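Here the structure is laid out as structure tokens; the discussion comes afterwards.
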Amino acid sequence: MVRAGDFKNGLTVMYKDNLCQVIDFQHVKPGKGSPFVRAKLKNIKTGGVVEDSFSPDDKLRKAMIERKDMMYLYDDGDMYNFMDNETFEQVGVEHALAADAMKFVKENETVTISFHEGNAFEVTPPIQVILEVIETEPGEKGNTAQGAKKPCTVETGAMVMVPLFVNTGDMLKIDTRTGEYASRA
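So the mapping is simple: my numbering equals the position in the sequence shown, first residue as 1, plus 4.
Here is the structure:
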């Protein structure tokens, strides 16, 4: 059990029979009345966010989360399929749960999958990936204005805004947390 007074961002708890993650919290001490904790909880399965207040002594059941590094194998149209690197067991994760995380992941790359009671609920890609530019407007010599960007499509099909000097065939480092160009590889 976890006391509401001990909340931390990223903590996963059971709230009203739903698996939720604390995304923001604030300890409030009003001039009159008892102190309380105001928290925003994200329902992991639906993605909905609920805000609620708790007494600092309220207890919520801590959810036991297992995280495994797994290799991305392929997309069968309905699910992304992964393989456990140790047991070679294969796991499928629905598109709805992993679509955002998978837009920068190539086949045979390692990702971290979070499980609750044996069910996968989140896919976390590597922080940076190296991808090839497959389509972009050609860069022009001398066109190096500060901060100017153009769209490009990388080999996974994702769209990224890049500096004007990037050309088709270049290898790029992309930060998967923000989806932004980091540098040339």
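Every residue, glycine too, gets a C-beta built ideally from N, C-alpha and C. Please read all numbers here as calculations on a predicted model, not as lab measurements.
Bridge partners - residue i, DSSP secondary structure assignment
i	result
N47	C24
D79	Y84
E184	D179
Backbone CA spacing between residue i and residue j [nearest angstrom]
i	j	result
M74	K154	34 Å
F29	E98	30 Å
F58	R42	6 Å
Y76	P60	42 Å
C24	A100	17 Å
I117	V127	5 Å
L15	V26	5 Å
N13	L176	31 Å
M165	D62	46 Å
A186	T180	10 Å
E184	G173	18 Å
Residue i in three-state terms, based on DSSP
i	result
M68	coil
L101	helix
M5	coil
D56	strand
Candidates the options, of which the one nearest residue i by Cα
i	options	result
I134	V158, T140, K12	V158
A8	R65, G161, P34	R65
V95	F125, G151, G37	F125
M106	D79, G122, E90	D79
T160	F108, K12, L168, D88	F108
T182	P130, M68, N112	P130
E55	E93, M87, K20, T91	K20
Exposure of residue i, with buried meaning 16 or more beta-carbon neighbours within 10 Å
i	result
I138	exposed
T140	buried
T50	exposed
V32	exposed
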